[in-house]
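Note sheet for the following structure.
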Amino acid sequence: MKKIITINLSGQILSIEEIAFEQLQAYIATLRQFFDREEGREEIINDIEGRIAELMNEKIKKGSPCITEADVQILIAQMGSPEALAQEGVAEEKNQSGAESAATEENTRTKAPEPRKLYRDRNNMIIGGVASGLAAYLGIDPTIVRALLVLLAFSSFGLILFGYVLIWIIFPFASVEPYKGKRFYRDPDNKVLGGVAGGLAAYFDKSVKTIRLIFLAPLLLQVFFSILNWTDDDFTFLLFNLSFGSLVGFSFIMYITLWIILPKAITPYQKMEMRGEKIDLASIQKQVRQGAEQFKEKVSSWGKEVEAVANELPGKAEKVVGEVHQQVQEKFSGKDRTLGGSILYAIGLLIKVFFAFFFGILAFSLMVSLLAVFFVGVVTWPYQAFIWGNNTQQLLAWAAVILFVLVPLLGFIIWLIRRILGYKKKNAVLRYSFFSLWTVGWIIMFLFVSTMGKEFSTREQIVTTVPISVADPATIHLTVSQPAIMYSNKIPWIHIEGEEKGWDLTKDSLKLSALVIETTISPDSSFHLELIRSATGRNSQQALQRAEALGYTVNTMSNLIQVSNKADTGMIVDLPSHYSIAAKDKYRAQQVKLVVKIPVGKTISFDESIKEKLTLGELEVRLNKGRLREVDWNNADFPYEYGVIYKMMPDGMLRPINEATSPGAL
Amino acid sequence: MNIDNTQSQMRKGILEFCILSAIKRGEAYPGDIVDELRSAGLSILEGTLYPLLTRLKNAEMLTYRWVESPSGPPRKYFSLTEKGLLFYTELEKTWKELSEAVNKAISPKPTNL
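So the sequences go chain by chain: A and B. Numbering follows our numbering, in which position 103 of the first sequence is assigned residue number 103; successive positions increment by one, without gaps. Take the position in the second sequence, starting the count at 1, then add 666; the result is the number in our numbering.
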């Protein structure tokens, strides 16, 4: 049983046996090669095709249902097989351009010049035939020369073009024998993007995966190293950016340039040229057959993939895919390429690509965030003293980081590389080990978080009375005379331009200016100042220790002031601008609170330095029965204005004295 | 010395001339030309004819026009140009001289009386 296909040859629609068609194709391909050096080769081929179409048409008209293998053989004999044509010996040597006249003039037959002279190739010119001439002289594929020219043009600022024009002017035209060897093409059968890597691989006989890796290597390395440069080591940063930044760009440009320059190897003949295979009738036939088979394979394997997808996606999705699958099966049951079949294939492909892309992005962003966590950990290492309670915690923390973050990162990189290299086999061992390590990482991370939580479990406070040095002052004035605390840039990896007020961090201590000021009514007729220092810890003892360690000494001094036109003694309460937390005490939600008790009728005022030098607010520590505590600092707006004198009212509220003295006025 | 080679060398020189003369007789398309030449005893492969025709056309010896055909694709009907006619005349002269000379050269020499 033979397969019949329908073809359009020079506008004639003909039925022909598939095998016969392949033979015809192969014949025309050899004719193409045979007439390679002719001017108007395409015209000749078209004429011959037209003639063949005419002859075939006559045959059909006479009653044949279709063109058979035998018919094609006869036709080939009639038109002339390449061997026979060569024997007739008419085509080869003659090669005249249309601009010259024929035999009456001087014979302009120019054989290919001796191999060692450089000529420009007239038959194979895009601009001036320089590239092909050079190629013929050197014995390589003209496309390579062109590619090199373009790349060199980039790097030599176009100077190479001068060379090009020089050669154009100096060297004469000649009809050089066309290049018959291995040509540099893009390989459409072996492509991820544009088949550039495939073409390179075919030409140099290397594996495609290697080539792809070479193209991507600069990019991968750059990503890797730019992550590493979070160490903020200026030299390393510069070095890696220099070497890999430009390499990435170069590799990218190379790829794009090659994509543009290199032609795609579409016909079987071109594909054979690409691989450097011997070109004759038999191998062309083989090519054509292989191509058809490849396509059939692709279709069936894709059909299987669709089946697999259909089984995986649950619910409605399954139904939809199942429908598509069915339609595809129908279309492809005859294994012929109808338009509908191709469209469905394309749609299926698009869907796959979309999902792959989507999940890829998801996975990647997850990876990036994990990475960020990792590097925060790395970077705070010297200051771990402030965070871990003891060695166990430190160990847990590191284990958690490594397993929870590094392992997925490694896994991702490995997966990426395997993907690029095209490994299809799923290595079960790798996957299992990866996932089990990651699970362990989760567990450890969980443990770590819970132990850290315990650190803040107990809160204790110490109440100290601040001695008041002035006997019975009429008013007090709160101020801060100590200079404001600022970040001293003692930590190399945190660098802040300008003044960062309110805290300082060194290897040994953390200094904070956070203060809570509370004003309340005095139970008696004197001023009272109380300092409440609090901290948290694993137990009471720890918490108390820490609270005690907070140094905050409030000074009081007398001050002569005018209160309501009366000379009187006032008191200045001088608050320190900060308190220190020693490294060994660690940060455990320490807080300092000042309680000012004001008797009724007496006044208080606040200096602007409080606003400038202190950070006022309230530290909220929420205690749960469970493990997690919440520690929150809220910046509060100081309710009192600076420079205004407030009087304590019987109702416990402070009012500005203007108000107080004239009731009813606002 | 290969007999085939020599024969084909001879044919090569003649072919263009014969093709031109076939076309001179009247507008013809390649199929016609092949038939004419064949009937004259000069068999030629169609695959040889087409490149020759194209070459002659590119050298402006021939011109063609398209004619629709009911039994297939449109056909190119070739005819001689002015230049072609001139060229043909030259070739004819050359052929006549050559054939006379060759005939004389191969005929047996008359014995001296």
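Glycine residues also receive a C-beta, built at the ideal position from the N, C-alpha and C atoms.
Can you tell me whether DSSP reads residue i as helix, strand or coil?
i	result
A:Gly537	strand
A:Lys271	helix
A:Asp524	coil
A:Asp574	strand
B:Met676	helix
A:Met557	strand
A:Ile468	coil
A:Glu54	helix
A:Asn634	strand
B:Lys742	strand
B:Leu722	helix
A:Ala484	coil
A:Lys586	coil
A:Asp187	coil
A:Val516	strand
A:Glu293	helix
Any beta carbon of chain A sitting closer than 8 Å to that of residue i?
i	result
B:Tyr754	no
B:Ser793	Absent from the model: residue 793 of chain B. The displayed extent of chain B is 667 to 779, so no value can be given.
B:Ser765	no
B:Tyr814	With chain B running from 667 to 779 in the structure shown, residue 814 of chain B is simply not present.
B:Pro717	yes
B:Glu712	yes
B:Thr729	no
B:Ser705	no
B:Asn769	no
B:Ser687	no
B:Lys672	In the sequence under discussion, the amino acid at residue 672 of chain B is Thr, which differs from the Lys named in the question. It does not: the Cβ of B:Thr672 has no partner Cβ on chain A nearer than 8 Å.
Buried or exposed, going by whether 16 or more other CB atoms sit within 10 Å of the CB of residue i?
i	result
A:Ala99	Here the model assigns A:Ala99 a pLDDT of 31, short of 50, so the residue's position is not dependable, and the following value carries that caveat. Burial call: exposed.
A:Ala20	buried
A:Ser580	buried
B:Pro696	buried
B:Ser737	exposed
A:Tyr432	exposed
B:Gly713	buried
A:Glu83	exposed
A:Phe215	buried
A:Gly249	exposed
A:Thr603	buried
If we cut at 8 Å on Cβ distances, does residue i have a partner in chain B?
i	result
A:Asn57	yes
A:Ser15	no
A:Ile170	no
A:Ser64	no
A:Leu85	yes
A:Gln73	no
A:Phe35	yes
A:Ala26	no
A:Gln78	yes
A:Ser10	yes
For the beta strand (DSSP E) containing residue i, list its first residue and its last residue.
i	result
A:Asp504	503-505
A:Ser15	12-17
A:Leu654	654-656
A:Phe606	603-606
A:Val644	Looking at the DSSP string, A:Val644 is not in any beta strand (DSSP E), and its letter there is neither H nor E.
A:Gln461	458-465
B:Leu728	728-733
A:Thr475	475-479
B:Ser705	Counting along the chain, B:Ser705 falls outside any beta strand (DSSP E), though it belongs to the alpha helix (DSSP H) covering 696-705.
A:Ile74	From DSSP, A:Ile74 is part of no beta strand (DSSP E) but of the alpha helix (DSSP H) over 69-79.
A:Ser488	Where A:Ser488 is concerned, there is no enclosing beta strand (DSSP E), given that its DSSP letter is neither H nor E.
A:Trp582	First, the amino acid is wrong: residue 582 of chain A is Ala here, not Trp. Here the beta strand (DSSP E) through A:Ala582 covers 579-582.
Could you check where the alpha helix (DSSP H) with residue i kicks off and where it finishes?
i	result
A:Gln591	Run containing A:Gln591: none in the alpha helix (DSSP H); it sits in the beta strand (DSSP E), 591-598.
B:Lys749	748-772
A:Ser509	Note, A:Ser509: premise wrong, no alpha helix (DSSP H); beta strand (DSSP E) at 509-512.
A:Asn8	Unbroken run through A:Asn8 is the beta strand (DSSP E), 4-9; no alpha helix (DSSP H).
A:Ser64	No alpha helix (DSSP H) holds A:Ser64; DSSP gives it neither H nor E.
A:Leu193	Segment: none, A:Leu193 is in no alpha helix (DSSP H) and carries neither H nor E.
Practice problem: Spell out a yes or no on whether the stretch 508-519 of chain A and the stretch 587-600 of chain A are touching, meaning 3 or more CB-CB pairs, one atom from each, closer than 8 Å. | Solution: yes
Self-check item: contact_flag[the stretch 534-550 of chain A, the stretch 441-457 of chain A] where n(CB pairs < 8 Å) is 3 or more
Solution: With the cut-off at 8 Å, the stretch 534-550 of chain A and the stretch 441-457 of chain A touch.
Quiz item: Just checking, does the stretch 474-486 of chain A make contact with the stretch 600-619 of chain A on the three C-beta pairs under 8 Å criterion?
Solution: yes
Quiz item: Any contact of the stretch 40-54 of chain A with the stretch 736-750 of chain B, i.e. 3+ C-beta pairs under 8 Å?
Solution: By the criterion of at least three beta-carbon pairs nearer than 8 Å, the stretch 40-54 of chain A is in contact with the stretch 736-750 of chain B.
Quiz item: Between the stretch 715-728 of chain B and the stretch 684-691 of chain B, are three or more C-beta pairs nearer than 8 Å?
Solution: Segment contact: the stretch 715-728 of chain B against the stretch 684-691 of chain B, three or more CB-CB distances shorter than 8 Å; contact assigned.
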